[in-house]
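Enquirer:
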Amino acid sequence: MVFRNCHSTKRKNKKKQKLKKCKRNYYASKKHSIEHVIGFLGNPNVGKSSLFNELTGSHQHIGNWPGKTVEKKEGHFILADEYFSVVDLPGTYSLSGRSDEEIITEEFIVQERPDLVCVIADAMRLERTLYLALQAFELTDKVAIIVNMIDVAEKHNLEINRKKLENSLGVPVILVSALRDSSLIELKKFIYDALHTDKYHFHPAKIFYSDKIEGLIRKISEQIEDRKVLKEYPTRWIAIKLLEEDNWIKSELAKEFDLDILLKTLEEIKEKEKINPKVEIAKTKYSGLHTIVTQSVKGDIEFKETLSDKIDKIVLHPIFGYPILVLIYALFFFISFSISSPIIDGMSYLLNLFAEYIRSVMIQSSSPEIITSFVVDGVISGISAFLLFLPLIIVFYTLVAIMEDSGYLARSAYLMDRFMSKFGLQGTAFLSIVMGFGCNAAGILATRIIKNPKDRIRMIVSLSFIPCAATLGVIAFITGIFFAPWKASLIMLGLYAFSIFLTLISSSILRLFMEKEDPLPLILEMPEYRKPILKNIYYLTWSRAGVFVKKAGTFIFSASIFIWILSNLPYNVSPEFTILGYLGKVFSFVTYPLMGLSWEMIAPLVFGVAAKETIIVALGVIYASGDLKSVLLNLWTFPQVISFLLFQLTYAPCFPTIAAVKSETNSNKWALFSILWPLFLTTLITTIVYQILNLII
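Per UniProt numbering, the sequence shown starts with residue 1, numbered consecutively.
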């Protein structure tokens, strides 16, 4: 094995690249004529996003990568009147082309041709986190290394010789700490100097493998060059990726020519030579890294038990870990509702005052009654529905950011992995269920941490079976009318347990109809427990809540207007003669004999699709009674009560949730399916339960 530093060839077609960069100049003001594109690459939990946030501050744009549901974060900073566009690439452990994150990173480096790829490494885990840098070297020569968490290394008496590391790797290296303000200034200057001065040179260390592996690389390279395919990618890199059994490269090559013959030849050679190229390539890289790190780092990490290790003995205990998890998430919900509820109540009071003020002004100005109703009950009501949704979303994301930054979020996913795997899901899916209890839309956004695309789709669709905080209010109101407090509590707990069971069963059923894939193993970095950093909390919360605000706001508002039209036309008639009333009567021809749900019980559920909070209000309007409790006690039978509770629990997602499904799947079909699937399954189950109760009672 040879692991040497060598000069690499200059990139071709510089004019073409400059032209491309001009087209890519998304944000730069005209006065900043020069733009540089920087890619931030690194493993999860190396502080990559913290450095990105520190560099770009509030100058960020959050979206999705084209054709993908993976979050895309871009930001910028300006230095010496030049514009630096920074792309925070998805956290990944390798560039093996197996996950969307890895494919996105490879495509970005090769197709976008960034001016600089900054690989962020962990000072405490240099050997492991620099593996990504060696893979990046095979794609581009414009790589720089940012060794983060140098403050932690210093506490452990580790001394990293930056110059030695730089000479061995052949690319610029800087040692920083995301917690130090001085590091931010140094990092900006480092990036500027790397692109402008002769202070740094880019001659990435080239890896030479064993003679047998090099022979296979040459053989594949010749085949690729002869066929002139994937010309934008380095031929040697394609050959190495094929030997590493990179699925994405296989699929791309298969589009160009019959790959089976080449793969068959490779298998014959591997069997004859008794070699495993994938393992050999990884061993060679790690062997080279071990040599470099040994030469560049002084001092040994003492693997003594840390405070995090001691806490994990309790928190991750196979018996005690689960009660602790339940307690933490119970506290999570208690705090989120305790904080958001008073804010929502206060906002609701002020918005109602504003609405009534506008109503009185319009009445005094002799505005037609229908126009007044449209403006107040339609437009203002729609805006209010959106605004009242925000406190819960923001509080939820803030608490999730605190758990994530403190280090507990990853541990809860680890604890739940064994249970979730029984339903074909990873432990990370549990986090989206937890989020869904507060708000289904938030839960759907949380599915981004599920790596397998098909698992993610299943979870997105199945989350409609999880009752949100607003549904909890409806359940609490109805059970409070018909049952004693202890019975009501048991029924509520039973309904929640049933909803989780239904979510997991739904996911399992959908799995049967999806193309089978090899399950991705759950790989989690267990970060050290630490005190959450306020800046990180702010950036994590705003980046997630901001995306939802932009994407779902218009949808929620439009849906509210639509509901107003249904419930008010023809105008000035009783509710049963409106479009909504007639729709309720049409539906009741099916729902009443099957589930015992009359039109008065069905019509409010149409309102519930706009916002679950409106169900109780709609019941009051339809029954036209100030004392709704007495009316329901006299009119609803026990089977009808249970039927209503079961049906409204999971019958359909609300508009914000449908908006989130469409946004996260990039598909109208999945958005439609997320409505029809819960409706079908809930109708089936409710019908069975109602008919059994009717026979018994």
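Where is the CB? At the ideal position from N, CA and C, for every residue including glycine.
The structure displayed is predicted, hence computed values, not measured ones.
Alpha carbon to alpha carbon, what distance is there between Leu353 and Thr578?
Expert: As a working note, residue 578 is residue 578 in the sequence shown. As a working note, residue 353 is residue 353 in the sequence shown. Roughly 27 Å between the two C-alpha positions.
Enquirer: Tell me the residue span of the beta strand (DSSP E) that contains Ser85.
Expert: Taking the sequence shown and counting its residues from 1, one reaches residue 85 at position 85. Counting along the chain, the beta strand (DSSP E) containing Ser85 begins and ends at 82-88.
Enquirer: Buried or exposed: where does Val606 fall if 16 or more other Cβ atoms within 10 Å of its Cβ makes it buried?
Expert: In the sequence shown, counting from the first residue as 1, residue 606 sits at position 606. Under this definition Val606 is a buried residue.
Enquirer: Look at the Cβ atom of Ser506, then the Cβ atom of Gly424, and state whether they are nearer than 8 Å.
Expert: Here residue 506 refers to the residue found at position 506 when the sequence shown is read from its first residue. Here residue 424 refers to the residue found at position 424 when the sequence shown is read from its first residue. It is not a contact, given that the beta carbons lie outside the stated cut-off.
Enquirer: Does Pro66 come out as helix, strand or coil in the three-state DSSP assignment?
Expert: One-based indexing of the sequence shown puts residue 66 at position 66. With a pLDDT of 48 at Pro66, under the threshold of 50, the modelled position of that residue is not reliable, and the figure given next carries that caveat. In this structure, Pro66 counts as coil in the three-state DSSP scheme.
Enquirer: Let's test the definition: count the other Cβ atoms within 10 Å of the Cβ of Asp246 and tell me whether it reaches 16, buried, or not, exposed.
Expert: Here residue 246 corresponds to residue number 246 of the sequence shown, with the count starting at 1. Under this definition Asp246 is a buried residue.
Enquirer: Could you tell me which of Val641, Arg456, Ala611 sits nearest to Met601, measuring between CA atoms?
Expert: Within the sequence shown, residue 601 is the residue found at index 601, counting from 1. Residue Val641 is the option with its Cα nearest to Met601.
Enquirer: So Lys219 is in the alpha helix (DSSP H); what residue range does that whole segment cover?
Expert: Taking the sequence shown and counting its residues from 1, one reaches residue 219 at position 219. 211-227 is the span of the alpha helix (DSSP H), which, as asked, contains Lys219.
Enquirer: Tell whether a beta-carbon distance below 8 Å holds between Ser674 and Ser464.
Expert: Here residue 674 refers to the residue found at position 674 of the sequence shown. Here residue 464 refers to the residue found at position 464 of the sequence shown. Going by C-beta atoms, Ser674 is nearer than 8 Å to Ser464.
Enquirer: Using the rule of at least 16 other Cβ atoms within 10 Å of the residue's Cβ for burial, across every protein chain shown, is Glu232 buried or exposed?
Expert: Sequence index remark: in the sequence shown, residue 232 carries index 232 (1-based). It is exposed - the Cβ of Glu232 has fewer than 16 other Cβ atoms within 10 Å.
Enquirer: Distance, Cα to Cα, residue 742 vs Ser287?
Expert: Given a span of 1 to 697 for the chain in the structure shown, any question on residue 742 remains unanswerable.
Enquirer: Which residues share a DSSP beta bridge with Cys118?
Expert: Here residue 118 is taken as the residue at index 118 of the sequence shown, counted from 1. Looking at the DSSP assignment, Cys118 forms a beta bridge with Phe40, Ala144.
Enquirer: For Gln648, tell me which candidate among Pro656, Leu672, Thr591, Asn666 has the shortest Cα-Cα distance.
Expert: Along the sequence shown, one-based indexing puts residue 648 at 648. When only C-alpha atoms are compared, the closest one is Thr591.
Enquirer: What does a CB cutoff of less than 6 Å around residue 720 pick up in its chain, not counting 5 residues either side in sequence?
Expert: Beyond the ends of the chain as shown, which are 1 and 697, falls residue 720; an answer cannot be given.
Enquirer: Please identify the residue among Lys219, Tyr349, Leu495, Met124 whose C-alpha is closest to the C-alpha of Leu175.
Expert: For the purposes of this step, residue 175 is identified with residue 175 of the sequence shown, where counting begins at 1. For Leu175, the nearest C-alpha among the options comes from Met124.
Enquirer: Would you mind giving the Cβ-Cβ distance between Ile615 and Leu646, rounded to the nearest angstrom? I have them listed as a contact below 8 Å.
Expert: What you label residue 615 is simply residue 615 of the sequence shown in a count that begins at 1. What you label residue 646 is simply residue 646 of the sequence shown in a count that begins at 1. Ile615 to Leu646, Cβ: 14 Å. No contact.
Enquirer: Considering only residues of the same chain and omitting the five flanking positions on each side of Glu280, which have a CB-CB separation below 6 Å?
Expert: If you number the sequence shown from 1, residue 280 lands on position 280. Within the same chain, Glu280 has close Cβ partners Ile213.
Enquirer: In whole angstroms, give me the CA-to-CA distance for Ser49 and Gly42.
Expert: Sequence index remark: in the sequence shown, residue 49 carries index 49 (1-based). Sequence index remark: in the sequence shown, residue 42 carries index 42 (1-based). Their Cα atoms are separated by approximately 9 Å.
Enquirer: In three-state DSSP terms, what is Val661?
Expert: The count along the sequence shown starts at 1 and reaches residue 661 at position 661. DSSP places Val661 in helix when its eight states are reduced to three.
Enquirer: Pull up the distance between the alpha-carbon of Glu515 and that of Pro342, whole angstroms please.
Expert: Taking the sequence shown and counting its residues from 1, the one referred to as residue 515 is at position 515. Taking the sequence shown and counting its residues from 1, the one referred to as residue 342 is at position 342. Approximately 47 Å, taken between the alpha carbons.
Enquirer: Answer yes if the segment 368-380 comes into contact with the segment 321-331, meaning at least three C-beta pairs across the two stretches below 8 Å, and no otherwise.
Expert: no
Enquirer: Straight-line CA distance for Ser182 to Val147?
Expert: Taking the sequence shown and counting its residues from 1, the one referred to as residue 182 is at position 182. Taking the sequence shown and counting its residues from 1, the one referred to as residue 147 is at position 147. Those two C-alpha atoms are separated by around 15 Å.
Enquirer: Which class does Ile207 belong to by DSSP, given the choice of helix, strand or coil?
Expert: Indexing the sequence shown from 1 puts residue 207 at position 207. Strand at Ile207.
Enquirer: Might you give, ordered along the chain, the residues of its own chain that have their beta carbon closer than 7 Å to the beta carbon of Cys439, omitting 5 neighbours on each side?
Expert: Here residue 439 refers to the residue found at position 439 of the sequence shown. Only Leu392, Ile393, Phe396, Cys468, Ala469 meet the Cβ criterion.
Enquirer: Taking the alpha-carbon of Gly443 as reference, which of Gln426, Asn452, Ser462 has the nearest alpha-carbon?
Expert: Locating residue 443 in the sequence shown gives position 443, counting from the first residue. Nearest option by C-alpha distance: Ser462.
Enquirer: Between Ser412 and Leu325, is the Cβ-Cβ spacing less than 8 Å?
Expert: Position 412 of the sequence shown holds residue 412. Position 325 of the sequence shown holds residue 325. Against a cut-off of 8 Å, the Cβ pair of Leu325 and Ser412 comes out as a contact.
Enquirer: With a Cβ-Cβ cutoff of 8 Å, do Ala618 and Phe655 count as a contact?
Expert: Within the sequence shown, the letter at position 618 stands for residue 618. Within the sequence shown, the letter at position 655 stands for residue 655. It is not a contact, given that the beta carbons lie outside the stated cut-off.
Enquirer: Whole angstroms are fine: how far does the CA of Val689 sit from the CA of Met403?
Expert: As a first step, residue 403 must be located in the sequence shown, where it is residue number 403. As a first step, residue 689 must be located in the sequence shown, where it is residue number 689. Approximately 39 Å between the Cα atoms of the pair.
Enquirer: Looking at C-beta atoms only, is the number of pairs between the segment 256-265 and the segment 223-230 that lie closer than 8 Å three or more?
Expert: yes
Enquirer: State the Cα-Cα distance for the pair Leu580 and Ile692, rounded to the nearest angstrom.
Expert: As a first step, residue 580 is located in the sequence shown; it is residue number 580 there, counting from the start. As a first step, residue 692 is located in the sequence shown; it is residue number 692 there, counting from the start. One C-alpha to the other measures close to 30 Å.
Enquirer: Looking at the secondary structure, which residues open and close the beta strand (DSSP E) in which Ile34 lies?
Expert: One-based indexing of the sequence shown puts residue 34 at position 34. Segment: none, Ile34 is in no beta strand (DSSP E) and carries neither H nor E.
Enquirer: Taking the alpha-carbon positions, what's the Leu695 to Ser558 distance?
Expert: Translated into positions along the sequence shown, residue 695 becomes position 695. Translated into positions along the sequence shown, residue 558 becomes position 558. Answer to the nearest angstrom: the Cα atoms are 43 Å apart.
Enquirer: Short of 6 Å in beta carbon distance, which residues of its chain neighbour His308, apart from the five on each side in sequence? Order them along the chain.
Expert: In the sequence shown, counting from the first residue as 1, residue 308 sits at position 308. Residue identity check: residue 308 is Ser in the sequence provided, not His. Excluding five sequence positions before and after Ser308, the CB atoms of its chain that fall closer than 6 Å to its own CB belong to Glu528, Tyr529, given in chain order.
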